[in-house]
């Protein structure tokens, strides 16, 4: 036995001494193993699960029964079209515990419910300029919106919630700083939200959660950066299917990479940041779009993108110039990121997802010219989830946790 | 047993089915476990090793005997000052297999031998402007230098070699591109060197190897970026004590991060790259140092740094201005990197290690102003190994491999 325990030390890398694994840990591990092989793999019967996992039929049956009792799995009718004695396929329970996702962004709030199978069961978005209301009011309205979405799904049990915020979130759920929401500083948002919702709640940066949504619900990719742009610009860095958070959880602040050291001042205290050259407001300003002229809808990413698209399609020179300049700034920042990180794919999300016609050619040209091994292709594409990625990722992260830790 | 095997699947993350671990694998693993606990820990006797690893005394004795036979370990005289029955401490064998490190950089070549305990047993550096000689000649001279260093250590057995190059190296040892050595393109350097030296040889980027040298022989740090600057500028990114290589092994090209989108053209095809604003030649040029004026020694990093230090200390305005501008450019690029990666420490190596007096204050000011969470301290320091880091890391990587895979 000591040899086998020593084996496990290898995988832990730094641990030389290894404690024996108890029955409790093994059971928890095996529950997760069954959940994962059902979530990631094809439909399988108990017998097929035993074969795939290397566990005995008896062990598998005990584990599956336990997961059915917890409402995490259901057993379907046997597939009578298959040869031999048909097994009943086991699948995730679409009416089992679900995840509630909430997002408070600079100029809107959003909430959605995603069930265990990844399906969105309800989703609502409301415009709210959080720069002009207090954090208390922003939180209150987001909780009201979340409650409405929860009511909409009726009896579907909500296992927990996650909240996406446009700023640096510490691991204890405290929002340290949101450059575009100066009043949201050192706020224990997790505690407040959790209490008002009556649910366990995780808090994370919106670009991180948008990247996870792209990983789970977008094109299959192992390594990519999701650029999330609204008024602020953030990046979620996914390496080998995991979110890279940095040493203190503050990685991905692409919006504050300096593109022009002599450029305009930024709310963060620096100047010439990407956000000031390619953020939603920077593009609107450069295009000469005055928010008052076209109503409040322009404050919402879809409204802004729609207005820019309309003007660009009509050949408005100032708008086309603004989009080209934003594309160049983005290309410069992204080329630097690729040179540093050797990332093979970039997915443009948020408002950029709606502006691909104008941005992609310019960004692509900058990447080709500025990425060191120019013959290294960087795949450049548009996010399919657009501005709802972060809220989907929030709800999805609750579901992912249920699958990873079903005990 | 199936439960224990299922446990090990957890640590492999993506693998659901797990093959049984054979006796062969376990023996190899345990040899490595013993080597690592001797290399990383305090001096230990066989009994103490058994206690630390959880293996039986008999197993440990078999493993230690095997490693002594391979000349990797030696048993010292028992420590008679300790209480009770004294054990004989086991240590790494300083006369066991050693590593040969070689570096071919833009304007010099270097070679050294590092023994199993990490001590440099011989080291030589020669100026050679590889931009003016053919790759064949560069390789030939580097092999000659390496042979001289090998002769110097006499009977010390050389287990293998590693080569540091200033460019993108593919995992098969092919140098894809070296922006400052245009003729070194798509060269199978590993094969040529290995054959001429008669040794197994690994090839890697010089900044990566310099970062590993800093990790192994510098201040203890788990997460940092080593900036290696000579004529080119590279970065070795160490996350959680591992080198981050990127998806295709091309990460860390800090020198080609764009700092000024309207700046001077770069050999890489882009313009305004950090290298063009803060590389050795850019600083010399801006300071008005003409290489011909002060002899060939300025082409070598030490000579260049010495000349710049002399001029700066004498109050030469143009040199001080050149160093300030280089510091600003570096600060802008490094702040962007910290915003993206959330790295807590930056170590300045290569020529920068000798120019700290002039560069540190400027870089520090830029970081304070441009890193998003400005109250997040980024530790900024000078590399202790300076320009010999890469060649030390090369030799060290051979030794590290002997310790990690002693079978």
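Residue numbers (the working numbering), protein chains in the order written: chain G, 5 to 411; chain R, 5 to 411.
C-beta atoms are modelled at their ideal positions from N, C-alpha and C, and glycine is treated no differently.
Going by alpha carbons, who is nearest to residue 100(G) out of 208(G), 192(G), 236(G) and 160(G)? Against the first chain, residue 100(G) aligns to sequence position 96. Of the candidates 208(G), 192(G), 236(G) and 160(G), the one whose C-alpha sits nearest the C-alpha of residue 100(G) is 160(G).
Flag residue 265(G) as yes if its beta-carbon sits less than 8 Å from any beta-carbon of chain R, otherwise no. In the first chain, residue 265(G) corresponds to position 261, counting from 1. True, the Cβ-Cβ gap to chain R drops below 8 Å.
Of all Cβ atoms in chain R, is any one closer than 8 Å to the Cβ of residue 380(G)? Taking the first chain and counting its residues from 1, the one referred to as residue 380(G) is at position 376. At least one CB atom of chain R sits nearer than 8 Å to the CB of residue 380(G).
Against chain G, does residue 204(R) count as a neighbour if the rule is that its beta carbon must be under 8 Å from one of theirs? Within the second chain, residue 204(R) is the residue found at index 200, counting from 1. At a cut-off of 8 Å between beta-carbon atoms, residue 204(R) makes no contact with chain G.
In chain order, which beta strand (DSSP E) runs of at least 3 residues are fully inside the stretch 155-229 of chain R? Counting only runs of 3 or more, we get 162-169, 179-181 and 205-209.
By Cβ distance, which residues of its chain are closer than 6 Å to residue 228(R), with the 5 residues on each side in sequence left out? As a first step, residue 228(R) is located in the second chain; it is residue number 224 there, counting from the start. Excluding the 5 residues flanking it on each side, residue 228(R) has same chain C-beta neighbours closer than 6 Å at 242, 349 and 351, in chain order.
Among 44(R), 60(R) and 43(R), the one whose alpha carbon lies nearest that of residue 50(R): One-based indexing of the second chain puts residue 50(R) at position 46. When each option's Cα is compared against that of residue 50(R), the closest is 60(R).
Please list, in chain order, the chain R residues whose beta carbon lies closer than 8 Å to that of residue 348(G). Residue 348(G) sits at position 344 when you count from the first residue of the first chain. Simply 251 and 252.
Which ranges does the beta strand (DSSP E) cover as unbroken runs of at least 3 residues, wholly within the stretch 323-367 of chain G, from first to last along the chain? Counting whole runs of 3 or more residues, the stretch 323-367 of chain G contains the beta strand (DSSP E) stretches 349-354.
Would you report the Cα separation of residue 317(R) and residue 287(R), rounded to the nearest angstrom? For the purposes of this step, residue 317(R) is taken as the residue at position 313 of the second chain. For the purposes of this step, residue 287(R) is taken as the residue at position 283 of the second chain. Their Cα atoms are separated by approximately 16 Å.
Which residues bound the alpha helix (DSSP H) around residue 402(R)? Numbered from 1 along the second chain, position 398 holds the residue referred to as residue 402(R). Start and end: 393-408.
So, helix, strand or coil for residue 58(R), using DSSP? For the purposes of this step, residue 58(R) is taken as residue 54 along the second chain, with counting starting at 1. In the three-state reduction of the DSSP assignment, residue 58(R) falls in the coil class, being assigned neither a helical nor a strand state.
First through last residue of the beta strand (DSSP E) which encompasses residue 289(R): Position 285 of the second chain, counted from the first residue, corresponds to residue 289(R). The continuous stretches of beta strand (DSSP E) do not include residue 289(R), which lies in the alpha helix (DSSP H) extending over residues 284-291.
Taking C-alpha atoms, which residue in 375(R), 163(R), 149(R) and 65(R) lies nearest to residue 400(R)? Taking the first residue of the second chain as position 1, residue 400(R) is located at position 396. The candidate whose alpha carbon is nearest that of residue 400(R) is 163(R).
Does residue 92(R) come out as helix, strand or coil in the three-state DSSP assignment? Translated into positions along the second chain, residue 92(R) becomes position 88. In the structure shown, residue 92(R) sits in coil (DSSP, three-state: anything other than H, G, I, E or B).
At the level of alpha carbons, what is the spacing between residue 13(R) and residue 336(G)? Locating residue 13(R) in the second chain gives position 9, where the first residue counts as 1. Locating residue 336(G) in the first chain gives position 332, where the first residue counts as 1. Here residue 13(R) scores only 30 on pLDDT, less than 50, and its place in the model should not be relied on; the value that follows carries that caveat. For residue 13(R) and residue 336(G), the distance between alpha carbons rounds to 42 Å.
Looking at residue 211(R): is its Cβ nearer than 8 Å to the Cβ of residue 256(R)? Translated into positions along the second chain, residue 211(R) becomes position 207. Translated into positions along the second chain, residue 256(R) becomes position 252. Yes, the Cβ-Cβ distance between residue 211(R) and residue 256(R) is below 8 Å.
According to DSSP, is residue 388(G) helix, strand or coil? Taking the first chain and counting its residues from 1, the one referred to as residue 388(G) is at position 384. Note: residue 388(G) maps to coil in three-state DSSP.
When the Cα atoms are used, what is the spatial distance from residue 395(R) to residue 131(R)? Along the second chain, read from residue 1 onward, the residue named residue 395(R) stands at position 391. Along the second chain, read from residue 1 onward, the residue named residue 131(R) stands at position 127. The C-alpha of residue 395(R) lies about 14 Å from the C-alpha of residue 131(R).
Taking CB distances under 8 Å as the criterion, tell me whether residue 405(G) reaches chain R. The residue given as residue 405(G) occupies position 401 in the first chain. Chain R places no beta carbon closer than 8 Å to that of residue 405(G), leaving this residue out of the contacts.
Going by beta carbon distance, what residues of the same chain come within less than 6 Å of residue 290(R), once the five residues before and after it are set aside? Position 286 of the second chain holds residue 290(R). Once the five neighbours on either side are set aside, the close Cβ partners of residue 290(R) are 326.
Just grab the DSSP bridge partners of residue 416(G) for me. Here chain G covers residues 5 to 411 and nothing more, so residue 416(G) does not appear.
Taking residue 338(G) as the reference, give the member of 361(G), 310(G) and 230(G) with the closest Cα. Reading the first chain from its first residue, position 334 is the one you call residue 338(G). Looking at the Cα atoms, 230(G) is the closest of the given residues.
Quick one: is residue 45(G) buried, meaning 16 or more other Cβ sit within 10 Å of its Cβ, or exposed? Taking the first residue of the first chain as position 1, residue 45(G) is located at position 41. Only exposed fits residue 45(G), as fewer than 16 other CB atoms lie within 10 angstroms of its CB.
Can the beta-carbon of residue 115(R) be found closer than 8 Å to that of residue 128(R)? Here residue 115(R) is taken as the residue at index 111 of the second chain, counted from 1. Here residue 128(R) is taken as the residue at index 124 of the second chain, counted from 1. Going by beta carbons, residue 115(R) and residue 128(R) fall inside the 8 Å limit.
Going along the chain, which residues of the stretch 173-187 of chain G sit with their C-beta nearer than 8 Å to a C-beta in chain R? Of all residues in the stretch 173-187 of chain G, only 180, 181 and 183 come within less than 8 Å of chain R when Cβ atoms are compared, listed by chain position.
Taking 7 Å as the limit between beta carbons, can you name the residues of its chain near residue 370(G), skipping five residues before and five after? Indexing the first chain from 1 puts residue 370(G) at position 366. The beta carbon of residue 370(G) is closer than 7 Å to those of 332, 335, 336 and 339 in its chain, skipping five residues each way along the sequence.
Taking contact to mean 3 or more Cβ pairs, one atom from each stretch, closer than 8 Å, check whether the stretch 306-313 of chain G and the stretch 358-365 of chain G are in contact. Cβ pair count under 8 Å is three or more, so yes.
Cβ-based neighbour list, residue 261(R), same chain, cut-off 6 Å, excluding 5 preceding and 5 following: For the purposes of this step, residue 261(R) is taken as residue 257 along the second chain, with counting starting at 1. Answer for residue 261(R): 278 and 337, listed in chain order.
Taking the DSSP output, what are the residues bridged to residue 232(R)? Numbered from 1 along the second chain, position 228 holds the residue referred to as residue 232(R). Per the DSSP secondary-structure output, residue 232(R) pairs in a beta bridge with 238(R) and 353(R).
Looking at chain R, is there any beta carbon in it that lies within less than 8 Å of the beta carbon of residue 401(G)? Looking up residue 401(G) in the first chain gives position 397. No, no contact with chain R.
Please name the residue in 121(R), 276(R) and 384(R) whose C-alpha comes closest to that of residue 374(G). Reading the first chain from its first residue, position 370 is the one you call residue 374(G). Here the closest residue by C-alpha is 276(R).
Three-way DSSP call (helix, strand, coil) for residue 130(R) in this model: Residue mapping note: residue 130(R) aligns to position 126 of the second chain, counting from 1. Correct three-state label for residue 130(R): strand.
If we define contact as Cβ-Cβ less than 8 Å, is residue 411(G) a contact residue for chain R? Working through the first chain from its first residue, we reach residue 411(G) at position 407. So no, residue 411(G) is outside the interface.
How long is the line joining the alpha carbons of residue 169(G) and residue 259(R), rounded to whole angstroms? Position 165 of the first chain, counted from the start, is the residue given in the question as residue 169(G). Position 255 of the second chain, counted from the start, is the residue given in the question as residue 259(R). A straight line joining the alpha-carbon of residue 169(G) with that of residue 259(R) spans about 33 Å.
In three-state terms, what does DSSP make of residue 383(G)? In the first chain, the residue the question calls residue 383(G) occupies position 379. Residue state, collapsed to three classes: strand.
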